[in-house]
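In the numbering used here, the protein residues as written are 116 to 387.
A virtual CB, placed ideally from N, CA and C, is assigned to each residue, including glycine.
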């Protein structure tokens, strides 16, 4: 946490200095919407995600994980948007077996995101965008795919994502699969604000051999937009989870081995 605080302050200060034209605002933080940037548009996004509270039974009391991402996004065409990310993570917890505190700040590599709009929501009944993201850090790698659906109906907007990710860990020797889905529904409250709900499901499949666990999250999503920048915040507590792992978390209603009781994400977007 001591390393993270000055980094976040500097990140926010640098972002506020980048204001210029109208940004491609989002209403959700976990659920992607099908719109892509116009050709030639350039945008900066800063991501801050807090994943808090695991279980004493898995040796991670007072668990907090901060995921930080800095993104630069470019509209290659009106249908194709590419983005480059820099990723960092800060993890802290207390080991109840030894009463020792653990903390680590680590580099999580570079990501390249690609989004291609197949059906424009402005001209189709439902918008459809395909998503592909690769990440590499030297010791770990990941490949993620999404199918993104969504549409606007007056002041209402919804989006639905189907997700799959393969991760290679431990010097690329260990393989883990993740599948999930997310759903967002929001209503505009005037020109600047929108308020909604976001639902998320995450499932982990080690070596693609077994369905180890599942977690469900549900909570409010709030966004604010101005002519040249936007912000979105989601607060998603875990509402249900289960675990088939031998490493039990001591909770029959939540999955606290690989997931947390609370996820919070803040996005800030600015045009260049």
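Worksheet item: Does DSSP classify residue 148 as helix, strand or coil?
Response: For this step, residue 148 is matched to residue 33 along the chain shown. In the three-state scheme derived from DSSP, where H, G and I count as helix and E and B as strand, residue 148 is classed as coil.
Fill in: Classification of residue 214 by the beta-carbon crowding that lies within 10 angstroms, buried from 16 upward
The residue labelled residue 214 in the question sits at position 99 within the chain shown. Residue burial annotation: residue 214 is exposed, with fewer than 16 other C-beta atoms found within 10 angstroms of its C-beta.
Discussion item. For the segment 158-174 against the segment 317-326, do three or more pairs of beta-carbon atoms, one drawn from each stretch, fall closer than 8 Å, so that the two count as touching?
Written reply: These segments do not touch.
Worksheet item: Roughly how many whole angstroms lie between the Cα atoms of residue 367 and residue 356?
Response: Position 252 of the chain shown, counted from the first residue, corresponds to residue 367. Position 241 of the chain shown, counted from the first residue, corresponds to residue 356. Approximately 8 Å, taken between the alpha carbons.
Practice prompt. Using 10 angstroms around the beta-carbon of residue 271, count the other beta-carbons present and answer buried if the total reaches 16, otherwise exposed.
Written response: On the chain shown, residue 271 is found 156 positions in, with the first residue counted as 1. With fewer than 16 other Cβ atoms inside 10 Å of its own Cβ, residue 271 counts as exposed.
Worksheet item: Applying the criterion that 16 or more other CB atoms from any shown protein chain within 10 Å of the CB defines a buried residue, is residue 163 buried or exposed?
Response: Sequence index remark: in the chain shown, residue 163 carries index 48 (1-based). Around the beta carbon of residue 163, a 10 Å sphere encloses 16 or more other beta carbons of the protein chains shown; the residue is thus reported as buried.
Worksheet item: Are at least three pairs of beta-carbons, each pair with one atom in the segment 202-222 and one in the segment 234-245, less than 8 Å apart?
Response: For the pair of segments examined, the segment 202-222 was found not to touch the segment 234-245: the number of CB pairs separated by less than 8 Å stays below three.
Worksheet item: Closer than 8 Å, CB to CB, is residue 170 near chain D or not?
Response: Among the chains in the structure shown there is no chain D, since it carries only a single protein chain.
Worksheet item: What's the call for residue 221, buried or exposed, on a 16-neighbour Cβ count within 10 Å?
Response: Position 106 of the chain shown, counting from 1, holds the residue named residue 221. Result: exposed.
Worksheet item: Helix, strand or coil for residue 370 per DSSP?
Response: For the purposes of this step, residue 370 is taken as residue 255 along the chain shown, with counting starting at 1. Correct three-state label for residue 370: coil.
Worksheet entry | Nonlocal neighbours in the same chain, by C-beta distance under 6 Å from residue 365, ignoring five residues either side | Translated into the one-based positions of the chain shown, residue 365 becomes position 250. Residues 170 and 172 of the same chain have their beta carbon placed closer than 6 Å to that of residue 365, with the five preceding and five following residues left out of the count.
Item to complete: Evaluate the contact criterion for the segment 338-356 versus the segment 302-319: three or more CB pairs, one atom per stretch, below 8 Å.
Response: Judged by Cβ distances under 8 Å, the segment 338-356 makes contact with the segment 302-319, as three or more pairs qualify.
Fill in: Close-in-space but distant-in-sequence residues of the same chain around residue 291 (CB under 6 Å, 5 per side omitted)
Sequence index remark: in the chain shown, residue 291 carries index 176 (1-based). Result list for residue 291: 282 and 321, in chain order.
Fill in: Close-in-space but distant-in-sequence residues of the same chain around residue 377 (CB under 8 Å, 5 per side omitted)
Position 262 of the chain shown, counted from the start, is the residue given in the question as residue 377. Closer than 8 Å at the Cβ level, and outside the excluded window around residue 377, lie 165, 166, 167, 168, 350, 351, 352 and 353.
Worksheet item: Which residues in the same chain have their Cβ closer than 6 Å to the Cβ of residue 204, if we skip the five residues on either side of it in sequence?
Response: Here the question's residue 204 lines up with position 89 in the chain shown. Result list for residue 204: 182, 221 and 223, in chain order.
Worksheet item: Given a threshold of 16 other Cβ atoms within 10 Å of its Cβ, counted over all protein chains shown, does residue 373 qualify as buried or as exposed?
Response: As a working mapping, residue 373 is identified with position 258 in the chain shown. By the 10 Å Cβ count, residue 373 comes out buried.
Worksheet entry | Nonlocal neighbours in the same chain, by C-beta distance under 7 Å from residue 339, ignoring five residues either side | For the purposes of this step, residue 339 is taken as the residue at position 224 of the chain shown. 307, 308, 345 and 346, listed in sequence order.
Worksheet item: From this set, 232, 161 and 209, which residue's C-alpha is nearest residue 245's C-alpha?
Response: Working through the chain shown from its first residue, we reach residue 245 at position 130. For residue 245, the closest of 232, 161 and 209 by C-alpha to C-alpha distance is 232.
Discussion item. Can you tell me whether residue 241 is helix, strand or coil according to DSSP?
Written reply: Numbered from its first residue, the chain shown carries residue 241 at position 126. In this structure, residue 241 counts as coil in the three-state DSSP scheme.
Worksheet item: Is the CB-CB distance between residue 195 and residue 226 below 8 Å?
Response: For the purposes of this step, residue 195 is identified with residue 80 of the chain shown, where counting begins at 1. For the purposes of this step, residue 226 is identified with residue 111 of the chain shown, where counting begins at 1. Cβ atoms of residue 195 and residue 226: not closer than 8 Å.
Worksheet entry | Short Cβ contact (8 Å threshold) for residue 293 with residue 284 | Taking the first residue of the chain shown as 1, we reach residue 293 at position 178. Taking the first residue of the chain shown as 1, we reach residue 284 at position 169. Contact: no.
Worksheet item: Counting only runs that start and end within the segment 162-231, where is the alpha helix (DSSP H) found for 4 or more residues in a row?
Response: Runs found: none.
Worksheet entry | Neighbourhood of residue 137 by C-beta distance below 7 Å, restricted to the same chain and skipping five residues each side | The residue given as residue 137 occupies position 22 in the chain shown. Interpretation of residue 137 is limited by its pLDDT of 44, a score under 50 that renders its predicted location unreliable; the figure taken from the coordinates is listed afterwards. Once the five neighbours on either side are set aside, the close Cβ partners of residue 137 are 342, 343 and 386.
Worksheet item: Going along the chain, which residues of its own chain have a beta-carbon closer than 6 Å to the beta-carbon of residue 180, five neighbours each way excluded?
Response: The sequence position of residue 180 within the chain shown is 65, counting from 1. Closer than 6 Å at Cβ, skipping near neighbours: 166 and 206.
Practice prompt. List the residues that DSSP assigns as beta-bridge partners of residue 331.
Written response: On the chain shown, position 216 is the one that residue 331 refers to. Answer is 316 and 355.
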